[in-house]
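Presented below is the structure to which this report refers.
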Amino acid sequence: MSTASTAQRTDGMNEKQSEIVEYLENRVEDGKCYFKSKFMSDDLDMSSREIGTNMLRLSERCDTLSIEKWSYASATTWKVKSAE
Numbered sequence: 001m002s003t004a005s006t007a008q009r010t011d012g013m014n015e016k017q018s019e020i021v022e023y024l025e026n027r028v029e030d031g032k033c034y035f036k037s038k039f040m041s042d043d044l045d046m047s048s049r050e051i052g053t054n055m056l057r058l059s060e061r062c063d064t065l066s067i068e069k070w071s072y073a074s075a076t077t078w079k080v081k082s083a084e
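For what it's worth, the UniProt record's numbering labels the leading residue of the sequence shown as 1, then goes sequentially.
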């Protein structure tokens, strides 16, 4: 797979989206379900804007997770759980 951030995988996700999904899946398994974009951006070395843009896309196309924009209080909060 290419190292370019815009490289597309066969599941339709780019590398950044895949990285976000892996990050979320690992934490959902640990029981966490609310995530702030600004903290995710620190952990994933992406901007909050990149996180938000990709989370919106993932909320529409990720089959393994249910992603919902939950609230905004100093940063966007996302509610994430395993897809049912």
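Ideal Cβ positions, reconstructed from N, Cα and C, are used throughout, including at glycine.
Based on the DSSP output, what are the partners of Val-21 in its beta bridges?
-> Residue 21 sits at position 21 when you count from the first residue of the sequence shown. None, per the DSSP bridge assignment.
On the DSSP bridge assignment, give the partners of Glu-68 in chain order.
-> As a position in the sequence shown, residue 68 is number 68, starting the count at 1. BP columns for Glu-68 point to Lys-79.
Report the three-state DSSP secondary structure of Arg-9 (helix, strand or coil).
-> Reading the sequence shown from its first residue, position 9 is the one you call residue 9. For Arg-9, the pLDDT reaches just 49, beneath the cut-off of 50, and the residue's location in the model is therefore unreliable, leaving the point undetermined.
How would you label Asn-54, buried or exposed, when you count the other beta carbons within 10 angstroms and need 16 or more for buried?
-> As a position in the sequence shown, residue 54 is number 54, starting the count at 1. Under this definition Asn-54 is a buried residue.
Please look up how many angstroms separate the CB atoms of Ala-75 and Lys-32, rounded, as I've assumed it's under 8 Å.
-> Within the sequence shown, numbered from 1, the residue matching residue 75 stands at position 75. Within the sequence shown, numbered from 1, the residue matching residue 32 stands at position 32. In fact, because the Cβ distance is near 16 Å, the residues do not count as touching under 8 Å.
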